[in-house]
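S.K.: Numbering (UniProt numbering), first residue to last: 1 to 468.
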């Protein structure tokens, strides 16, 4: 029986599933309360909803075995990578079985001459890059957290250098997945392009585990740049920083990263990461290329920044300095959290056309001030994507309601400017109600039809993206 909204599998059916999994997987099956809580957490106003059990398969065949067992008895399945997603993707609102890819952590093959790698989904981006470093290669997608590559594909993640290297959509060449029937399929491949058939790779990348479980990935790699330079540039206002960003992109400067921190976020990073930056809106930047190319890009950006009142542009050329700078940026979430101990940072994101970025950020800052929330802003502004991090007391229903209302207004504002309700966090549970406003009724009907076709029993991560 398919789990409907508000329905869990019957106790008898669940007992059969759990008994079979326990016998089959032994110590790779757990009903521990601590393990179940660890595999269901969310940084939204939605409470944690743990699964009934957690399993740790080692390969595609074992995942297929688990799925076939669950589909026979109508038990929901929730895939899990490292649990770094932010919108309730790994919650189990109907209970069921969490399928962790933690033990699926093999780097299967690297093909340096073809600039690709084949990995299991539990490999993290940091581990892959450590493996690639001596070969002069790297995988560029950098969402900040050391996420699993399977989870990054499932949420169509991006990050600080998407402006130069694209998102997971652009860097997954192929994949293996287990569908809701238990059938194993291969989509895409190692060829850099194909014009044959439906693009199932891109259908599954970003599907958040609602159409199947990704069990292997073929990823596009890139050569390590000859030279890398990073720096920071303060601005008199967020509007000036955004305008400089827009001008930089429009001038065709191939910046690798361009990140905005508002004054409040800079203050938080100074305290948390022991920096001494001026507490004003600031851009963090990185340039990749040859020595001459990087120098030219940096000089040109400095000229643009000065046109908008920015500067001085301070370089961080040594590897240690550059790593410290980007570690501070990646720690922005925790730096914000430290501003209000005991509060939960409710990170949310939107994306707008870059020409509307300054307006959207300015209106959002005014909204934050009017609402009384404490909410630093940080963003991958080179592609129009920015994040707000409201700090909320989860014991205060009024604050939770104020945060949810603020996120709703933020999404409405972005959509009115031709944007998206999420640039990289994905939908999960928290953004479902905004999808129709972004995509329209016809597109939502098509999405529901796809869900029904591939998951007729609605067992694959139910309660996320669409209700079939």
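Think of the CB as a built atom: it goes at the ideal place given N, C-alpha and C, for glycine as much as any other residue.
Beta-carbon within less than 7 Å of residue 6's beta-carbon, same chain only, minus the 5 sequence neighbours each way: which residues are those?
M.R.: Any reading at residue 6 must be qualified, since the residue scores a pLDDT of 45, below 50, and its modelled position is unreliable; the value itself is stated next. The answer is none, since no qualifying residue turns up.
S.K.: Taking the alpha helix (DSSP H) that residue 480 falls in, what are its first and last residues?
M.R.: In this structure the chain extends from 1 to 468, so residue 480 is not present and cannot be described.
S.K.: Which residues in the same chain as residue 202 place their Cβ atom closer than 7 Å to its Cβ, once the five residues preceding and following it in sequence are excluded?
M.R.: Result list for residue 202: 169, in chain order.
S.K.: Three-state secondary structure (DSSP) at residue 194?
M.R.: Three-state result, residue 194: coil.
S.K.: Is the beta carbon of residue 376 closer than 9 Å to that of residue 360?
M.R.: No, these two residues do not count as a Cβ contact at 9 Å.
S.K.: Return yes when the Cβ of residue 78 is within less than 9 Å of the Cβ of residue 51, no when it is not.
M.R.: Yes; because the gap between Cβ atoms is below 9 Å, this pair is in contact.
S.K.: Just to confirm, are residue 76 and residue 97 a CB contact at a threshold of 9 Å?
M.R.: Yes, Cβ-Cβ distance for residue 76 and residue 97 is below 9 Å.
S.K.: Excluding sequence positions up to five away, which residues of its chain have a Cβ less than 8 Å from the Cβ of residue 207?
M.R.: Closer than 8 Å at Cβ, skipping near neighbours: 154, 465.
S.K.: What is the C-beta distance between residue 231 and residue 316, in whole angstroms, given that I count them as a contact (C-beta under 8 Å)?
M.R.: About 6 Å; that satisfies the 8 Å criterion.
S.K.: Nearest CA to the CA of residue 121: which residue from 178, 165, 86, 113?
M.R.: That would be 178, whose Cα lies nearest to the Cα of residue 121.
S.K.: Is the beta carbon of residue 260 sitting closer than 9 Å to the one on residue 378?
M.R.: Result yes, Cβ atoms of residue 260 and residue 378 sit closer than 9 Å.
S.K.: Determine the burial state of residue 467: buried for a count of at least 16 other Cβ atoms within 10 Å of its Cβ, exposed for fewer.
M.R.: Residue 467 is exposed by the Cβ-count criterion.
S.K.: Expressed to the nearest angstrom, what Euclidean distance is found between the alpha-carbon atoms of residue 45 and residue 395?
M.R.: Using only the alpha carbons, I get a separation of about 11 Å.
S.K.: Is residue 278 close to the ligand FMN? I mean its beta-carbon at under 8 Å from any heavy atom of the ligand.
M.R.: Of the ligands one can find in the structure shown there are none, so the ligand FMN has no counterpart to examine.
S.K.: In three-state terms, what does DSSP make of residue 201?
M.R.: Note: residue 201 maps to helix in three-state DSSP.
S.K.: Quick one: what does DSSP say residue 341 is sitting in, helix, strand or coil?
M.R.: Coil, per DSSP.
S.K.: So, is residue 47 buried or exposed, given that buried needs 16 or more other C-beta atoms within 10 angstroms?
M.R.: Residue 47 comes out exposed.
S.K.: Work out the CA separation of residue 49 and residue 40 for me, nearest whole Å.
M.R.: Answer to the nearest angstrom: the Cα atoms are 6 Å apart.
S.K.: Rounding to the nearest angstrom, what Cα-Cα distance links residue 364 and residue 67 in this structure?
M.R.: So the alpha carbons of these two residues sit roughly 43 Å apart.
S.K.: Would you mind working out which of 381, 297, 300, 445 sits nearest residue 158, comparing C-alpha positions?
M.R.: Taking only the C-alpha atoms, the option nearest residue 158 is 381.
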